[in-house]
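Everything on this sheet refers to the single structure shown next.
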Amino acid sequence: FPAHTGQKKEEGMQLIQKYLENYYGFKKDGESFIWKSNSAVTKKIKEMQEFFGLEVTGRPDSSALDLVQKSRCGFPDVAG
Amino acid sequence: FSTFAGEPKWAKQVLTYRILNYTPDLRPAEVNAAIRKAFSIWSSVTPLKFIKKDRGDADIMISFATGGKSHNDFIPFDGPGGSVAHAYAPGKDIGGDAHFDEDETWTKSTEGANLFYVAAHEFGHSLGLFHSRDPNALMYPVYRKFDPSVFPLHQDDINGIQSLYDSAEIKDPTESKEPVLPNSCGPDLTFDAVTTFRGEIIFFKDKHFWRKHPAVREVDFDLVSLFWPRLPSGVDAAYEIPEEDKILFFKGNEFWVVKGETIPPGYPQKLYALGFSKDVAKIDAAFYDRNKGKAYYFTADKFWSYDKRNQSMDRKPRLIKDAFPGINAKVDAVFQHENFLYFFQGRKQFEFDSDKKKVTRLLKTNFWFPC
């Protein structure tokens, strides 16, 4: 049976969002989580991808998803 | 590399640390050793010193905790995986403290989360380094499988920590400002000395050594000073007398006897105390033949032997090539394994069959490492 891509996408987004909240000071704005090219989450994903030397797409692509699932230092990547 | 905003760093060079509690995943002695070793990699490239305290306040408080509320800080843990540890920049109170997620499986191997490796990263924060963008740096925030054969500090980490703590103040003026770390798989690998020790083979190079068990693939890499603080770096020769659980180390015209991790009082002594004539200024390599009860000392193209049973040293040295055909010049290091001798000369290693009295294989110096 093929994987339910919609559900997988949603899980990936939740992972990314949690990661950005933990390590990039990202706060979800309002209740809905809307995907836009200029949204706050896109900017934060770009920031994260740039820091880790990944391709900067602003999207939770496979390399970004792989990275957020790895063990890491729990210190936020925001020095301030 | 990068530092924290405002570049906080310790104003003193001697820092204290205290381990508040221990993970049940490892024995307390193993935790102590991992923590001590993690500090030692930073002290090897800075003027900093670290002293363990068992009570009271310390600059760097170390603890293991689960979840969020139990360890009272701003950054909760999240169960197995994900966040494994965190540490705070230098400062009062929580500043410098390092917290480890007890929900991880802490190990001293390459499985799970290697405590030494994670602690070394966290102590980078405790000393003022922030995360690095260089994926090869220790301060890169993503945990990668620990490789014990590689010194964990990357040049980026060394540049970072030395930008905070002046490396020119390192105690030994002969040490270079930017230490060159030996590469165990590089083609130019040479050794100062090699010896067996309690079933393992120990390869010495400058102030570091590799330890390798012949039956285990992994190789460990450590500072000599971590095990034997009184030994100098760059030893010339070393050999083990297994039945006495002793190693003799040689440097210049002096030698040290080591029993386990301790050097009994009275060392170093001069070479002539072993029976050498006073014109022997240095030993290049040495090994002990357990079967014959004889020690062999190599210097330039000659060697001396000492018969332990008769307690007599050769009156005159012999040419190496006469007793070990195929070994024709000065030897860097030698050790005995099973019935073979392994001679190191520069980038070459010769396997010598003691029974057949001939060289049986020409090997690379990194032959014993998983390269």
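Chains A and B, in that order, are what the protein sequence lines are.
Quick note on numbering: the numbering used here labels position 74 of the first sequence as 74, and the sequence is numbered without any gaps.
Quick note on numbering: the numbering used here labels position 184 of the second sequence as 184, and the sequence is numbered without any gaps.
Glycine residues also receive a C-beta, built at the ideal position from the N, C-alpha and C atoms.
Asked                                                                                                                  : Found
Helix, strand or coil at GLN311/B according to DSSP, with G and I counted as helix                                     : coil
Segment contact flag, the region 110-128 of chain B with the region 137-154 of chain B, C-beta cutoff 8 Å, min 3 pairs : yes
ALA113/B at chain A interface by Cβ criterion, 8 Å                                                                     : yes
Cross-chain neighbours of SER83/B in chain A, by beta carbon under 9 Å                                                 : ASN22, TYR23, SER71, ARG72, CYS73, GLY74, PHE75
Residue from GLU10/A, THR57/A, LEU20/A, GLU11/A whose Cα sits closest to the Cα of SER83/B                             : LEU20/A
Own chain residues within Cβ distance below 6 Å of TYR296/B, not counting five before or after                         : PHE287, PHE303, SER305
As assigned by DSSP and simplified to three states, the class of ASN253/B                                              : coil
Proximity test, Cβ basis, 8 Å: LEU54/A and chain B                                                                     : no
Rounded straight-line distance, which links the Cα of PRO182/B to that of PRO24/B                                      : 34 Å
DSSP three-state assignment for LEU274/B, whether helix, strand or coil                                                : helix
Burial state of ARG230/B, where buried means 16 or more other Cβ atoms lie within 10 Å                                 : exposed
Assigned exposure category for TYR272/B - 16 Cβ within 10 Å defines buried                                             : exposed
Coarse secondary structure for PHE26/A, derived from DSSP in three states                                              : coil
Contact list for ALA87/B against chain A, beta-carbon separation under 7 Å                                             : PHE75
Within-8 Å CB hit, PHE51/A to chain B                                                                                  : yes
The region 335-348 of chain B contacting the region 196-211 of chain B, beta-carbon criterion three pairs below 8 Å    : yes
Rounded straight-line distance, which links the Cα of VAL41/A to that of VAL194/B                                      : 56 Å
Any chain A beta carbon closer than 8 Å to HIS71/B                                                                     : no
THR57/A, DSSP secondary structure in three states                                                                      : coil
Pairwise C-alpha distance: PHE50/B and LYS259/B                                                                        : 25 Å
Any C-beta of chain A under 8 Å from that of PRO325/B                                                                  : no
Cross-chain neighbours of ILE75/B in chain A, by beta carbon under 9 Å                                                 : ASN22, GLY74, PHE75, PRO76
ALA45/A versus PHE100/B: straight-line alpha-carbon distance, rounded                                                  : The amino acid at residue 45/A is misidentified as Ala; the sequence shows Ile. About 27 Å.
Identified DSSP bridge partners for HIS99/B                                                                            : SER63/B, HIS86/B
Beta carbon of PHE1/B nearer than 8 Å to that of ASP156/B                                                              : yes
Within chain B, partners of LEU67/A - CB distance below 9 Å                                                            : VAL142
Euclidean distance between Cα positions of ARG309/B and ILE241/B                                                       : 13 Å
C-beta contact flag for ARG347/B and THR190/B at 8 Å                                                                   : yes
Counterpart residues of ASP289/B in DSSP-defined beta bridges                                                          : LYS294/B
Rounded C-alpha distance that separates GLN14/A from ALA11/B                                                           : 43 Å
Which of helix, strand or coil DSSP assigns to ILE51/B                                                                 : strand
For SER184/B and HIS154/B, the rounded distance between their alpha carbons                                            : 15 Å
Min CB distance LYS152/B to chain A below 8 Å                                                                          : Before going on, a small fix: residue 152/B reads as Pro here, not Lys. Not closer than 8 Å to any Cβ of chain A, the Cβ of PRO152/B fails to qualify, so no.
Run of the beta strand (DSSP E) containing TRP210/B, from where it starts to where it stops                            : 208-212
Distance, ASP236/B Cα to SER176/B Cα                                                                                   : Caution is warranted here: a pLDDT of 42 is assigned to SER176/B, below 50, making its placement in the model unreliable, and no coordinate value can be reported.
Bridge partners - LEU15/B, DSSP secondary structure assignment                                                         : PHE50/B
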